[in-house]
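In my numbering, each residue's number is its place in the sequence shown (first place is 1) plus 346.
Where a beta carbon is used, it is the ideal one built from N, C-alpha and C, also for glycine.
Just below is one structure, and these are the notes that go with it.
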Amino acid sequence: FDQIFGHFSTEGLNWVDGTFTYHFRKMAQQAMAEEELRWIILDGPIEPEWIENLNTVLDSSRKLCLGSGEVIQMGETPLKLIFETDSLKMACPATISRCNVIYVED
347 FDQIFGHFST
357 EGLNWVDGTF
367 TYHFRKMAQQ
377 AMAEEELRWI
387 ILDGPIEPEW
397 IENLNTVLDS
407 SRKLCLGSGE
417 VIQMGETPLK
427 LIFETDSLKM
437 ACPATISRCN
447 VIYVED
């Protein structure tokens, strides 16, 4: 979880971005500055422990709320998320209702 979204350093003074937060922040800034469509692709199982942190990104507020209290605003930037997964068993209805689902049969 900390590797995805971030955590406070061992001293507890500084926030360290996780992988998703780092790329989300960078791509949101680039998309806003260049007004060019950007995609973040998340490939793997959808687990409630981390996907629920993205509900505010997926709803109309379009912002990422971090454990540090910081909010990264997507606003109207041309930034899109794609979730590639083989199952939605663990995804809650609130998450699914915020996404467009494309089902591809084998």
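With a threshold of 16 other CB atoms inside 10 Å of the CB of I428, please say whether the residue is buried or exposed. exposed
Alpha carbon to alpha carbon, how far is F347 from L359? Give it in angstroms, no decimals. 19 Å
Every unbroken beta strand (DSSP E) within the stretch 382-425, with a cutoff of 3 residues, ordered by chain: 384-389, 409-411 and 417-419
Spatial neighbours of F366 within its chain, please: CB distance less than 7 Å, with the 5 preceding and 5 following residues excluded, ordered by chain position. I350 and F351
Where I448 sits in the DSSP three-state scheme: coil
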